[in-house]
Structure formats: C-alpha cells, structure tokens
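**Q** I have a structure I would like to understand better, so I am pasting it below and will then ask my questions one at a time.
As structure tokens, then:
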C-alpha cells in the first residue's frame, strides 16, 4: 500500500499561498505526474526527492522551469524566437508566482571543438585583456591573444562621414589575431587516409566518392557534374594532378549550373567544416565511424597544441605566456595572478582572481583553462556552469539544479552545499533534484515524490521540513538515516593486476596492485587521478584478461534506439510475434517493414521550419504507435507490439515469464532473462520503447551493465554507479555487485558513496588533494583499516559515516 501523503501545515496546505511568497503548482500531469499540487517557498532551498523515475524532473524541469522559460521566450520578437527552441506549455492546471528560471544541469557543454573551460567562463577573455595591457613585447589588442581570431589583411568597404554625409570607401584593413595558421586554432592537425575517401577504380558517376552523404544522385551530383573541373565518367585514379586537386582541395568557388548560382568546394575543406569542426561524440554514428576510419589527429607541430601563433606565445608577463597560463592548473593560475602588481589593471585582476577562486571553491581547481569543455564529465560541466552565477548581481531568480553532487567526494559535497546556500542567501529560489542525504539535510523545504517509479510514481508523498521527512512513512523518510556497516569479514583476492609507473595526467609514477576476485573501490576527491589510473592503465596491465568498462557516456545510436533494441531484447520478441501469427519478424520492427509509412516508424513527424526551431509532432496516422494498423492487429498473449514497447521493464518481466493471466503464449525465456538483468540493475521503471536519448548518465550506465552482465569478461569497471540512485536502491546495487563477484568476476568501482566504500573488500584511495596536489596512492587496504587510520580525507568521512 502507498503511504499516506504527509504535508506539513504551511501556507500551501492552508490554501493561503501568496504568489509573492510561493511558486504554486496545481494539477501537474506532465509525464507520470498524477495531478499533484505543491507550494514551493520562494527565496528558500527546496530539495526534491524520490526514487529514479518518480516524477522529480517532470515537476521541476518539465513543469516549473519549462513554463518559466516558455513565458520568457514569448516576450521576445518573432525574429528572436526563431532562434530559440519551441517549448510547449506543460500539462498543468495552474502555475503562479514563477520567476526567471536558470537551469544548471549535467548536459555536456556543446560540440564546438574551439570551446574550452576558459572560453565558456570568460576567463580567457580576461586573460587576453591582461596580456594585451601588460605583456611584453606588446603585440596588439586582446584579439592578438585569441586562438579564434586569424591574422588577415586586405581591402574592404567602410562607412565614413564627409561633409555631414555618410559615404562608403574602400580602405585597407588589418586584423591581428592569435590563431595558429597551421592548425587554424584547433591545436591539432589532421591526416587523411584517401582510401577511405574515394575508390580509385571507380568514377564519380559510379559512386567513387565514399564519404557519407556524398551521393551523386542529388545536389552534389549537379554541382560536381556542372563544375567542369573533371570528367565524371573517368576513374578517380586516372585524374590529372589538377583534377585531383580540384576534387579534394579547391577552396569555395562560385559556379553557375543550369542557370543557378552555386558554390563548389573540395572534399577535404568540406569535411573539415562539416565534420571536424564538431566534437566527435556529437556526430551521428555513421559519420563518427567515417571520421575514425579516415582521419588521424596529432598535436600541431607549430604551436605544440596551444592553438596560438608565435607572436601570441612570445608575449609574456613575469616570464609566463598566455599559453603557459592556460595550461596551468587553475589553483596555481590563481596564485600567479595574485602575484601581478599593477594598479592600471587592478579591477581586472580582482575580477579574474575572483573567477579563478570560484573554480577552486567549487572543487574544480585541478582543471586547466585549455581543457576542452566537451571533455568535462556531467558533474564537472554542471559546476562549471554554476561558476557563471556565483558572482551574478541578479536576485530573486529561480536556480534549478540536477543532482549537483554527482561526481563529488563527501569532502567536496560540503563545499557544494555552501554554494547552494550562498545562492539562496542572495535572495534566490533554489530548487535541487537530489538523492544524497548530505544535501537533503540542508534543505529549508522538501518535496518527496513516489511511491515508486513510472506509472507507480508521480504522487506527492510528503511536503515540509527535513525533520518531518525523517518521521514520515515515505520511502525517502525511512531510508534517510540508512548506514551500511563495515563488513565483519572481507573476501580474499585470487591474484592482482600490477600497475607500474602510471604517469598520465597528474599521476606520479604510481605503482599499485589491483586485487582480483573481490570488490575493489577506487576513491579520492574529484581530480585526484582515479579515472586516469583505472581507465588509463588497467586495460594494458590486465594482459589477456578481458576488461569491460561500463561508464555513463552517451550510448551510440539514433533517436530510434531504445532499451529493447540496445539490449537485443526485441529480437526474441519479434520472432515470438512472428511465430504466433505466422508472419515475418520484420513486420514487428518500427525500423523495417512494419513501420508506419507516414512517420517511417518514428512515431512523430519532424518538421524543419528553416530559420525557426524545428518541431516534433505526434504522427496522426499511427498516433505515435510507430507501426502500420495491420501490424497492430497481431497479438502475443493479448498484447500487440506497440503495447509491449509501452510496458515498463518490471511489467514486461512478469508478462514474458508467462505468469500473468493471458500471457501464457508470451513465455519467452530469452527475453525474460534480459528483463531480469534490467530489473536487477534498478531499471524496472523505464519503458522498453523509451528513446535512449532520454536516459540520464546513471541510467545509461546501468543499461550498459545489464547488457554486459552476460559477457565472459573477467574484470568489470564501473564509474560511479550510484549516480541517480535513491537511498533505497543503493542496497540493491550492493547486492548486484556482490552477485557479480560471486559469479567469479573481479569488480572495480570508481566511487565516492560511503555505502559502497563500506561494502568493499579493498579500497585504493588517491590524493591527498586534486590536480597537482593529488596523483598519489595515499591508502591501500580494507575499509576497516581505512576507518581506523582516518588519516586521509576519505578515511575521515568514512569514519563519520559508519560511526553516525
């Protein structure tokens, strides 16, 4: 039975909530929300709790933040709105008291290869001004230190005033930028494997170009054929030097084809603009595969990867160039900036120092400004975004955070809590979706959703103070004080992987033995070197033993991919449908013969509105079911294939076991086995047809884990598997880790959660700090030994945890 809703007596429950003091939500039904009503106090810190899939994000992000952003967008002109995403009104009866919402989430920071930690936080802009004022020799304005500005000169039209009238004149101009001309400010150069670009035996007409998207049946065929640069019927291998150059390297050139003005451009510059100007992970899977196959990257030989030209690198302050400054660890850079004494730039130095100190305060002092922003983890990206707001003079803003403690050591969580309270104390409303008890405990107000996930969630279970939550009979309340005790006995290792001389990033010639046949936890503050050690050296040190690394990165695939297709679950289901109905299995694939012809099996119609943001609308013909009507007539155990894909993992587990009434013929052992693994990793609430693009990092990792549990690998590496897990689900995760070890596998977990540390057989603690202050093994041993010594930050926090 679901526990009774606990709502403390507030202005909300008394029906007197005022829009000046509360954000009022009435009848919220977004996704799985079941018409809930809440009143969130303004200028307070409210934490939203509940199991994964209970509806927290639907309420906070999908309802409150979405409506705030939609209303703000409507205040802009139609022209400006054309460059903004189209936002639909959330499914809610009433929203009152909204203020401007600023979302600080875990989404990766863009796909532009030119984006760095320095460029996204304005630190680079401040450094460029600083060097343009104080750098010797003086080489020009701030642009002279920008790797995104090239040095160019020429003639162009300028408007000048003569005799009181504006006239245009052609004048010479010169722009001095800091971009390295060799790599064009990318810090790397590319080398092409031509055999992956063209087939020398074929002509262009016969498909000689094998670059994805370069079909001669469309515009490319008209442009290439009408250019006159080469014979479309001649094998590419027989091209003259000039023809070969025009095909591969010709710069953009205006041509006229069939009376239409077009631009011809060689294959190589076109690839560089369309594929290499984006980060690899943002590319579609087939484009990414082509890039991996056809192109190799190395550090630019001229700028040594700094992206800057010789002039920019030659100007220094106290012997340090801007390239040196950007390569420094931010905590060290902050100290260097403090050492600059010049009253002419005092305000700039103050602002730059405060910005750099914010990195250190938020636990990112180990980063460097030159670090690519796309390489940051979800937690690092979220904290980097947070830096933008710490010094903001704005007040009465609603800040929305998505698990801000992700990737943080207990020591760093304390600092994150201080920053959340700092934002609140400036007069802002802070809304936090969170599972960690350390952050729940600092809340002024708690909203707990549940009781479970998916269709079993979406209800308001509790609203009020933390003290009230403790005494409530909700799942969160009952588990808020959970503690995992140290094991009375630990497993004995069956051997070890010997890592010797690990020296990547901040590691300092680390020697460590990683035990086999046990549960090993690798811990340490963020930036201490955990990932560098395990992901960088374990695989090579393991020799012939297979290492299966399961992380939280995006799963390759399109928006059509879902858990059923990714895990292979759909295959036995399709075959069972086909056998039961005497038809082909292909009919039960939305990507094959059974697809709705209108939406091509997507369930939605994607409309490109040119300059306006594209929109996705439900397909009217299949009503979002993705299949042809005739296919939906076929059933298996009373369900059609669309209804099966709409099931949650937990529902499907029962259905395909054959134990549910009417599902006897749906007993499919192969499908049931996969569903058991999905349920075991805590994904019982996700639906089989849910797009993979909607899964969080933690959900992606658990999906990969479930898929790989059947593999024969000897060593499993998990990276923060507690991400996104409710307190009640941590025990389930620990049981799963034990199960893997009991099956004879070695399990290595990179983790900060004290419950996982306490449950380990062996702990490897790195530190003592982050960046240059880390990179050393500061402890190896059992959890009990770590608690007894309590000499490291990890040991101190683990001791507090188990003794609480």
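Residue numbers (full-length UniProt numbering): 1 to 804. We treat Cβ as the ideally placed atom computed from N, Cα and C, and that holds for glycine.
1. Check whether the Cβ atoms of residue 546 and residue 714 sit closer than 8 Å, and answer yes or no.
2. Name the one or two DSSP bridge partners that residue 157 has.
3. Taking the alpha-carbon of residue 523 as reference, which of 348, 152 and 749 has the nearest alpha-carbon?
4. Hey, would you say residue 306 sits closer than 8 Å to residue 136, going by beta carbons?
5. Going by DSSP, which residues form a beta bridge with residue 547?
6. Please check if any C-beta of chain C sits within less than 8 Å of the C-beta of residue 174.
7. Tell me the rounded alpha-carbon separation between residue 788 and residue 518.
8. Are the segment 291–308 and the segment 185–196 touching, with three or more C-beta to C-beta distances below 8 Å?
9. Entirely within the segment 707–786 and at least 3 residues each: give me those beta strand (DSSP E) ranges in chain order.
10. Identify which residue in 365, 58 and 213 has its Cα closest to the Cα of residue 286.
11. Would you identify the three-state DSSP class for residue 61, choosing helix, strand or coil?
12. If you count every other CB in all the chains shown that lies within 10 Å of the CB of residue 153, and 16 or more means buried, which is it?
13. Excluding the 5 residues flanking residue 229 on each side, which residues of the same chain have their C-beta closer than 6 Å to its C-beta?
14. Could you tell me which of 484, 660 and 442 sits nearest to residue 729, measuring between CA atoms?
15. Which class does residue 627 belong to by DSSP, given the choice of helix, strand or coil?
16. When DSSP labels each residue in this structure, what does residue 261 get in the three-state scheme?
17. For residue 792, I'd like the list of residues in its chain whose CB is within less than 7 Å of its CB, leaving aside the five on either flank, ordered along the chain.
18. For residue 699, I'd like the list of residues in its chain whose CB is within less than 6 Å of its CB, leaving aside the five on either flank, ordered along the chain.
19. Would you give the residue range spanned by the alpha helix (DSSP H) that residue 419 belongs to?
20. Should residue 473 go down as buried or exposed, given a rule of 16 or more other Cβ atoms within 10 Å for buried?
21. According to DSSP, which residues form a beta bridge with residue 498?
22. Check the C-beta distance from residue 632 over to residue 639 and give it rounded, since I have them as a contact under 8 Å.
23. Taking all protein chains shown into account, do 16 or more other C-beta atoms lie within 10 angstroms of the C-beta of residue 301, making it buried, or fewer, making it exposed?
24. Mind checking which residues open and close the alpha helix (DSSP H) that includes residue 132?
25. By alpha-carbon positions, which one of 335, 732, 796 and 129 ends up nearest to residue 354?
26. According to DSSP, is residue 589 part of a helix, a strand, or is it coil?
27. Rounded to a whole number of angstroms, what is the C-alpha to C-alpha distance between residue 3 and residue 456?
28. So residue 531 is in the alpha helix (DSSP H); what residue range does that whole segment cover?
29. Quick check on this structure: which residue in 43, 50 and 32 has the alpha carbon closest to the alpha carbon of residue 437?
30. Quick check on the DSSP output: the alpha helix (DSSP H) that includes residue 347 runs from which residue to which?
31. CB-CB under 6 Å to residue 678, same chain, minus the five flanking residues each way: which ones, in chain order?
32. Inspect the CB distances between the segment 387–400 and the segment 440–447 and report whether three or more fall short of 8 Å.
33. Tell me the residue span of the beta strand (DSSP E) that contains residue 295.
34. Who are the near neighbours of residue 569 in its chain, counting only those whose CB is closer than 6 Å to its CB and skipping five residues on each side?
35. Could you say if the segment 363–373 and the segment 71–91 meet the contact criterion of at least three C-beta pairs nearer than 8 Å?
36. With a 10 Å radius around its C-beta and 16 neighbouring C-beta atoms as the bar for buried, classify residue 173 as buried or exposed.
**A** With the structure as the only source:
1. In the chain shown, residue 546 corresponds to position 546, counting from 1. In the chain shown, residue 714 corresponds to position 714, counting from 1. Yes, the Cβ-Cβ distance between residue 546 and residue 714 is below 8 Å.
2. In the chain shown, counting from the first residue as 1, residue 157 sits at position 157. Partner(s): 170.
3. If you number the chain shown from 1, residue 523 lands on position 523. Answer by Cα proximity: 749.
4. On the chain shown, position 306 is the one that residue 306 refers to. On the chain shown, position 136 is the one that residue 136 refers to. Cβ atoms of residue 306 and residue 136: not closer than 8 Å.
5. As a working mapping, residue 547 is identified with position 547 in the chain shown. BP columns for residue 547 point to 715.
6. Reference to chain C is not applicable here, since this structure consists of a single protein chain.
7. Walking along the chain shown from the start, residue 788 turns up at place 788. Walking along the chain shown from the start, residue 518 turns up at place 518. In a straight line, the C-alpha of residue 788 is about 21 Å away from that of residue 518.
8. yes
9. 715–719, 746–750, 762–767 and 776–781
10. Position 286 of the chain shown holds residue 286. Checked all of 365, 58 and 213; the closest Cα to residue 286 is 213.
11. On the chain shown, position 61 is the one that residue 61 refers to. Residue 61: helix per DSSP, three-state reduction.
12. Numbered from its first residue, the chain shown carries residue 153 at position 153. Exposed: under 16 other Cβ atoms inside 10 Å.
13. Taking the chain shown and counting its residues from 1, one reaches residue 229 at position 229. Around residue 229: 246.
14. Within the chain shown, residue 729 is the residue found at index 729, counting from 1. It is 484 whose Cα lies nearest to the Cα of residue 729.
15. One-based indexing of the chain shown puts residue 627 at position 627. Reduced to three states, the DSSP call for residue 627 is strand.
16. What you label residue 261 is simply residue 261 of the chain shown in a count that begins at 1. Residue 261: strand per DSSP, three-state reduction.
17. For this step, residue 792 is matched to residue 792 along the chain shown. 765, 767, 768, 778 and 779, listed in sequence order.
18. One-based indexing of the chain shown puts residue 699 at position 699. Cβ neighbours of residue 699 beyond the five flanking positions: none.
19. For the purposes of this step, residue 419 is taken as the residue at position 419 of the chain shown. Here the alpha helix (DSSP H) through residue 419 covers 410–425.
20. The sequence position of residue 473 within the chain shown is 473, counting from 1. Residue 473 should be labelled exposed.
21. Residue mapping note: residue 498 aligns to position 498 of the chain shown, counting from 1. The partner list for residue 498 (beta bridge, DSSP) reads 513.
22. Taking the first residue of the chain shown as position 1, residue 632 is located at position 632. Taking the first residue of the chain shown as position 1, residue 639 is located at position 639. Going by Cβ atoms, the distance from residue 632 to residue 639 rounds to 10 Å, so no, they are not a contact pair.
23. Counting from one through the chain shown, the residue named residue 301 turns up at place 301. Per the 10 Å Cβ criterion, exposed.
24. To locate residue 132, count along the chain shown from 1; it is residue 132. Residue 132 -> alpha helix (DSSP H) spans 123–134.
25. Here residue 354 refers to the residue found at position 354 when the chain shown is read from its first residue. Comparing Cα positions, the closest option is 335.
26. Here residue 589 is taken as the residue at index 589 of the chain shown, counted from 1. Coil.
27. Along the chain shown, read from residue 1 onward, the residue named residue 3 stands at position 3. Along the chain shown, read from residue 1 onward, the residue named residue 456 stands at position 456. Note that residue 3 has pLDDT 44, beneath the 50 cutoff, so the model's placement of it is unreliable and the number below is only indicative. In a straight line, the C-alpha of residue 3 is about 13 Å away from that of residue 456.
28. The residue labelled residue 531 in the question sits at position 531 within the chain shown. Per DSSP, residue 531 belongs to the alpha helix (DSSP H) from 530–533.
29. As a first step, residue 437 must be located in the chain shown, where it is residue number 437. Among 43, 50 and 32, the Cα nearest to that of residue 437 belongs to 50.
30. Here residue 347 refers to the residue found at position 347 when the chain shown is read from its first residue. Residues 346–361.
31. Taking the first residue of the chain shown as position 1, residue 678 is located at position 678. Excluding residues within five positions, the ones whose Cβ falls inside 6 Å are 649 and 706.
32. no
33. The residue labelled residue 295 in the question sits at position 295 within the chain shown. Looking at the DSSP string, the run of the beta strand (DSSP E) that includes residue 295 is 295–299.
34. As a position in the chain shown, residue 569 is number 569, starting the count at 1. Excluding residues within five positions, the ones whose Cβ falls inside 6 Å are 671 and 674.
35. no
36. Position 173 of the chain shown, counting from 1, holds the residue named residue 173. By the 10 Å Cβ count, residue 173 comes out exposed.
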